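These notes concern the structure reproduced below.
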C-alpha cells in the first residue's frame, strides 16, 4: 500500500544545517559542527528512518561541497547518525534579503514585540522586493529541494519536518506539488498575539499564515503560543478554529496546533559538563573567581534585555554597597546578526552601559561587570557550572534554553532569575525568582534576594530546577511530536 | 423604595471638565469651553437627571473658582444644560506624576502599542513612586469627590459614569465605600491585547484590571477591544469570562463588557460648519487654495503616524511628478503633551521630515507640505469642508473622530484614506481607501488612487461615509449605553 502508509523517509528542512564547511589552514575543506543541542536532537528523531537534511549553504565551501557531491547529497556521519545533507544555494543578494531584511529583523521583531512602532518599520520598495525576491525566493528553493527529494522516489507518504520562521511560506509550496506529503513545522520562537502581525502588509500576512497552515501539524513551545496562533487564524484570516482540540479548518483540511516545549539532551549535557574542554575552562574560571558570580550567557540580541539587566545590577550595587568587590557579573555574549543596523546599535548600547556601571561602581581593584564577547561553548558550560546567580531577563523569548542547560549542570545551588515573558517560565517559575523584564527595581530586588537566599532554599530551588529539566528532556519533546505525527497519519486516512 | 431604585443623580468623573477657567485680559476669571464633541455628548446624557461633573483642576483659576464655590460645586450652564462642576485639586507634583509619568506615556503607550520595548520603558523608583503618589493619589481624590457627592444624600442607587484611562483604579475605591452605586466606565482609547499589559509590574497590572472591574458596565469602542479585554481578564487575572455574553465574573459579581463605538453630534456639526467663524476660515482657505488639497488634522501624538504619512507623500510625489505644484498637503497639528520627552522628540522628527519633503520636491513657487501647528477648531472644520483627500493613517487609534467629523461636513466628495488599525475602520472601511500604516508604498498608492478616483466613485464613497456617520450618531452611542444601564440596574436586583 505505497499510497497510504508512511514511507521510510524523513526530510528535515531548516535554514541551518547540522554542519557547515570551511577551508582549514591546510586548504582542505572541513565540516564544522554547529553549537546548540537542537541539531543533535533533530538527528535523534530519525529513529531508523532514512534522513535527509536540507539547509541553506552558509559558506562558499558549503556550496562547493554541494556542487561536488553525487546527486547534490553529502553523506554525513554525526556521532553515529548517518544522514544525507543537501544545501540550498541562494545568490548572496537573495540570501541577504531573505535573512537580513525579512527573517531578521522583520519577522523576528514582530514575533518578539521588538518594533518601535511609532518609527519603525517603514515598509517600502526595498522590503517588498526583499519579500518577493528574498524570502519567497529562498522558500521556493527549499520547496524545490524537498520536492526533488520526494520526487526521486514517489511512493508512500513522506514525512517532512520544517523548522522555524525562515520557512513559513515553504509548506504551501510543497503541498501544492505533493498533496500526499505529511508536513510538520516547529516554530522555535514565540508566536505573538494577532496585533503584532498587523505590521505586515495584508498579502504578506496572508502568505505567512497561509503558508504555515499548509502543514498537518504546527508545533509551538507553549499553550499560550498555541492560543495566540489560533486567535490569529480566527481574527486575521477569518478561519474557523477549535480552541478545545487546537485545530484550524483550512480548505477542508484540519490543521493541528500543539504545544511541545523544547528542551535539552540531558545525557549529552552531563557528559559535556565533564569533558576536558569544559574542565579546562572551569579551572580558569575558578582561578580568576572573586566572590560571587552572577552570570548571563546570550546572543547579543535585542530580545535578551542585556542593557536593562546591567542597569538593574547597577541599581542593586547602589542600593547594596555591601556587595561591592564581593560579586562579579560575568556576561558571555555571542556576537549576532551584525549586518543588521539595529544589532550594531544595540551592541553600542551594551558597551555604553557596561562602561557606565563599571566606572560608577568599580575601581582599579574590581570591575563589577566582566563582558566577554566571544563564541566559546566550553567556556559557557564551565560558567554554567559555576554561577551563583543566573540572569535570564529576556523582554520576550520563545523558550530560553540557557535557563535549562545551565540549571542542569550548575554545581553551586545557583539561583535562576527568570523573566516571566520566557517560554521557559511556564515550566520553571516554581524553581526560579521571577522578574518583570521592564522593571529595573524588580530585577535589582531579585539580584539581592538571590544573593542573600538561605542555603536550604537555594538547594531546594536548584534541585527542583534540575528535576524539572530532566523530567522534560529533549527526548520527551521528540517522542510527543512523533506520537502526534503517528496518530495524525493514522487518523487522516 | 430608596434602596432599590436608581436615584435621580448622575455623576460623571473625567479628568477633563466641560470648562476650564483662566484669567481674562481684564483680570476677571472666565470659563473656557473645551474643544471636541465629547463634552456636549456627555452633557446630552444627563436627560433629566441632576448632573454633577467631577474633573481635575487644570489651571490655578480652576482651583480658585472651586475654593470659592459654595460646597465646592460650581453651577454651570452649558448651552442650556445645567450641571454642577466639582474640581479635584491635586498638587502640581502629584498631577505631573499622574498625567506625565503614568497616564501619558505609560498607559497611553501600552494601549496604543507605542513602546520601543528593547529600550523603554525602564520602570524604576521614579515610575513606582509616580504610580503610588501620582496615579493612585489622583484616583483616590476622584473617589473621595464622588463619595462626597454620593454621601451628601445617601439614598437610592446613584449612577456614576467614569471616563478613560486616567481613572482605572478609581472604581474599586468608590465600590469599597458605596457597594450600592452603579458604576459605568467608558474607555476612549484602544484596549490592547494582553501581552501589551505585561509591561506593567504585576501589582500595577492587577490594580488596573481590579480597578476597572469594580464597574458594573465597561464600555469600549469595538468588539475587538471587548475581546481583548476579556482575554486579558482570563489570561492575566485568571478570571472566568464568557465571550458569548461579554461578561467577567469577579468576586461573585458579573461585569458586562460592551462595544459602543463613539461618534459625533451630527446636528451640532452641521450647524458649526455653517457658523460665521468657520465660514471666515473657509474663505481664507479658498483664497489660498492651489490645486488639490490633502488634509490631516491631528494632535501631535506618536500614535497618529504623522512622519510616515509625510514620507509616503514624498514617495507619491517621486512616483507621480505630474502632481507637483497641483496638490498641497495641509497638516493642521495641535501641540500635545509637550512636557513628555517622547512628544518633544516626535515634534522634531515631524519638522525634519516636512523640511526634507519640501526641499526635495518643492521650490520657491510651491511648498508640497504646509504644516500649521495651532489649535484653531474653526480652521479645522473649514479644512474638513475643503479637503479632496483626508489622511488618517494612525499606527493604532481607539476610534479616530476626525474621520467622522470631516467626512460628515466635507463638500467636495473628498476621499478618506483610513488606517486599518483605527476603531473607525470597523464602521468606515467600506467608504474609505484602507491603508496599512507601516507600509509607505501602500500609503503612497492610496494617495494616488484617491487623487485619480473617478468622480462617481468619489461621490459614492463620500455619500456612504456621511450616511454611516449619520446612522451612528452620538445620540445612538448614548442611547445604547443608557439602555444597557437600565437593563443592568433592573436585572441586578
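Residue numbers (my numbering), protein chains in the order written: chain A, 1 to 493; chain B, 494 to 986.
Beta carbons: idealized from backbone N, C-alpha and C, even for Gly.
Just so we're clear, the structure is a prediction, and the values are computed from it rather than from any experiment.
Looking from the CA of residue 713 of chain B, the closest CA among B:870, B:665, B:805, B:891 belongs to B:891. If you compare the alpha carbons of A:80, A:87, A:42, A:26 with that of residue 20 of chain A, the shortest gap goes to A:87.
For the pair of segments examined, the region 138-150 of chain A was found not to touch the region 114-130 of chain A: the number of CB pairs separated by less than 8 Å stays below three. If you keep only unbroken alpha helix (DSSP H) runs of at least 4 residues inside the region 361-428 of chain A, you get 377-386, 401-409, 424-428. Under a 10 Å Cβ-count criterion, residue 515 of chain B is classified as exposed, with fewer than 16 other Cβ atoms of the shown protein chains found around its own Cβ. Here residue 937 of chain B has 805, 808, 809, 812 as same chain residues with Cβ atoms under 7 Å from its own Cβ, once five neighbours each way along the sequence are excluded. The region 757-772 of chain B makes no contact with the region 907-914 of chain B; the number of CB pairs closer than 8 Å stays below 3. With a threshold of 8 Å between beta carbons, residue 708 of chain B makes no contact with chain A.
Every alpha helix (DSSP H) stretch that sits fully inside the region 629-665 of chain B and reaches 4 residues is listed by chain position as 629-644.
Contact fails between the region 283-297 of chain A and the region 245-253 of chain A, because fewer than three Cβ pairs, one in each stretch, are under 8 Å apart.
When rounded, the separation of the alpha-carbon atoms in residue 973 of chain B and residue 753 of chain B is 7 Å. Under the three-state reduction of DSSP, residue 515 of chain B is assigned to strand. CA-to-CA, the gap between residue 921 of chain B and residue 961 of chain B works out to about 7 Å.
For residue 53 of chain A, the pairing in a beta bridge is given by DSSP as A:12, A:85. Contact annotation: residue 866 of chain B and residue 847 of chain B have beta-carbon atoms that are not nearer than 8 Å.
The beta carbon of residue 718 of chain B sits no closer than 8 Å to any beta carbon of chain A.
Taking residue 666 of chain B as reference, the option from B:591, B:631, B:776 with the minimal CA-CA separation is B:631. Cβ-Cβ distances below 6 Å link residue 188 of chain A to 164, 398 in the same chain, with the five nearest sequence neighbours on each side left out; the list follows chain order. Taking C-beta atoms as the reference points, residue 582 of chain B and residue 559 of chain B count as a pair closer than 8 Å.
Pairing residue 255 of chain A with residue 967 of chain B, the inter-Cα distance amounts to about 44 Å. Across the structure, residue 732 of chain B and residue 726 of chain B are spaced so that their CA atoms are roughly 6 Å apart. Sequence-ordered contacts of the region 933-946 of chain B with chain A read 933, 934, 935 [C-beta pairs closer than 8 Å]. Between the alpha carbons of residue 935 of chain B and residue 887 of chain B lies a distance of about 14 Å. Between residue 902 of chain B and residue 762 of chain B, the CB-CB gap stays under 8 Å. Straight-line spacing of the CA atoms in residue 572 of chain B and residue 687 of chain B works out to 42 Å. DSSP, reduced to helix, strand and coil, places residue 715 of chain B outside both helices and strands of the structure shown, so it counts as coil. Sequence-distant Cβ neighbours of residue 40 of chain A in its own chain, meaning closer than 7 Å and more than five residues away, are 265, 268. Of all residues in the region 339-355 of chain A, the ones placed with a Cβ closer than 9 Å to any Cβ belonging to chain B are 342, 346, 349, in chain order. Taking residue 133 of chain A as the centre and dropping the five residues before and after it, the same chain places the C-beta of 94, 97 closer than 8 Å to its C-beta, in chain order. Ranked by Cα distance from residue 347 of chain A, the first of A:361, A:306, A:376 is A:306.
Counting the other Cβ atoms within 10 Å of the Cβ of residue 561 of chain B gives fewer than 16, which makes it exposed.
For residue 587 of chain B, the enclosing alpha helix (DSSP H) stretches over residues 585-589. Close partners of residue 695 of chain B in chain A (Cβ separation under 7 Å): 436. Shown here, residue 77 of chain A sits in a strand according to DSSP, grouped into three states. Residue 848 of chain B carries a helical assignment under DSSP once its states are collapsed to helix, strand and coil. For residue 824 of chain B, the uninterrupted beta strand (DSSP E) run begins and ends at 820-827, by DSSP.
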